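Colleague: So that we are looking at the same thing, I have put the structure below in structure tokens.
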Amino acid sequence: MDIETIQKITVYAIPLIFAITLHEAAHAFAARYFGDSTAYMLGRMTLNPIKHIDPVWTIVVPLVTLLFSPFVFGAAKPVPVNFSALRRPKQDMIWVAAAGPAANLLMMIMWAVAGKIALLFPASGGVVFVILVAKAGIFVNAILMVFNLFPLLPLDGGRILAGLLPGRASYLFAKSEPYGMFILVALILTGVMGAFLWPLVEFSMNAVYSVLRLR
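Each step along the sequence shown adds one to the number in numbering that gives the first Met the number 0, with nothing skipped, and position 52 is 51.
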């Protein structure tokens, strides 16, 4: 492994760990707020990354995608949510599901602000590193936000859609969850996911850059 690869891993590791940790913690905090204490009782309502790390999805998958693809992707252990324990299960499920992508959007903005502040300082190795990490943070969070909003169970977008659909339609849609991961893999392998993902990732990144006048 050469020095350039090590630098690339370092630059992306920091924002990726923040991205998946805050994404899952946001679900846990939202679930507790709306009445479900499952994640809290299991110690998942925390910003400690160790509590959310999955050996495969948090370590192996990000390394493989970073080294062998044009993007980086990863995930943490899903936060357990007992939707029936929520005060208004169908409505509150929407907010609990949306909390994760919302956390990624917030982190996109925070990384953009960090990068803009870094640009105010004289050029140096440290400043360049912060800017690279900030750009990686915007990119990683854009991918995670858009990916998780895809309207397929068990992704957050699927939970949101299930909460928005009327009773019968929601019930029928929920029946697709056992097959969700197989459908997701098929969409990725056929390129459908990429066709959906990349335009929205680029749009969200450009929106953040434009609002903060980083371009």
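Don't be surprised by glycine CBs; every beta carbon is placed ideally from N, CA and C. Owing to the predicted nature of the structure, the values given are computational and were not obtained by experimental measurement.
#1: Is alanine 98 near histidine 26, with beta carbons less than 7 Å apart?
#2: Under 6 Å Cβ to Cβ from threonine 57, same chain only, skipping five residues before and after it: list those, please.
#3: With a Cβ-Cβ cutoff of 7 Å, do isoleucine 108 and methionine 204 count as a contact?
#4: When the Cα atoms are used, what is the spatial distance from arginine 167 to lysine 89?
#5: In chain order, what residues of the same chain have a beta carbon less than 8 Å from the beta carbon of leucine 85, not counting five sequence neighbours either side?
#6: Could you give the first and the last residue of the continuous alpha helix (DSSP H) run that contains threonine 57?
#7: Should valine 145 go down as buried or exposed, given a rule of 16 or more other Cβ atoms within 10 Å for buried?
#8: Along the chain, which unbroken stretches of the alpha helix (DSSP H) at least 4 residues long are found entirely within the segment 14 to 78?
#9: Measure the alpha-carbon distance for lysine 7 versus serine 169 and round it to whole angstroms.
#10: Suppose the cutoff is 8 Å on Cβ atoms and the five residues either side in sequence are ignored; what does the same chain contact list for asparagine 147 look like?
#11: Within 10 Å of its beta-carbon, does arginine 269 have 16 or more other beta-carbons around it, so buried, or fewer, so exposed?
#12: Alpha helix (DSSP H) containing phenylalanine 202: first to last residue?
#13: Using DSSP with H/G/I as helix, E/B as strand and the rest coil, what is arginine 87?
Modeller: The answer reads as follows:
#1: yes
#2: Gly73 and Ala75
#3: no
#4: 13 Å
#5: Ala30, Phe33, Gly34, Asp35, Asp91, Met92 and Val95
#6: Note, threonine 57: premise wrong, no alpha helix (DSSP H); not H, not E.
#7: buried
#8: 37 to 40 and 60 to 67
#9: 43 Å
#10: His22, Gly99, Pro100, Asn103, Leu154, Asp155 and Gly156
#11: Since the first residue shown for the chain is 0 and the last is 214, residue 269 is missing from the structure and cannot be characterised.
#12: 191 to 210
#13: coil
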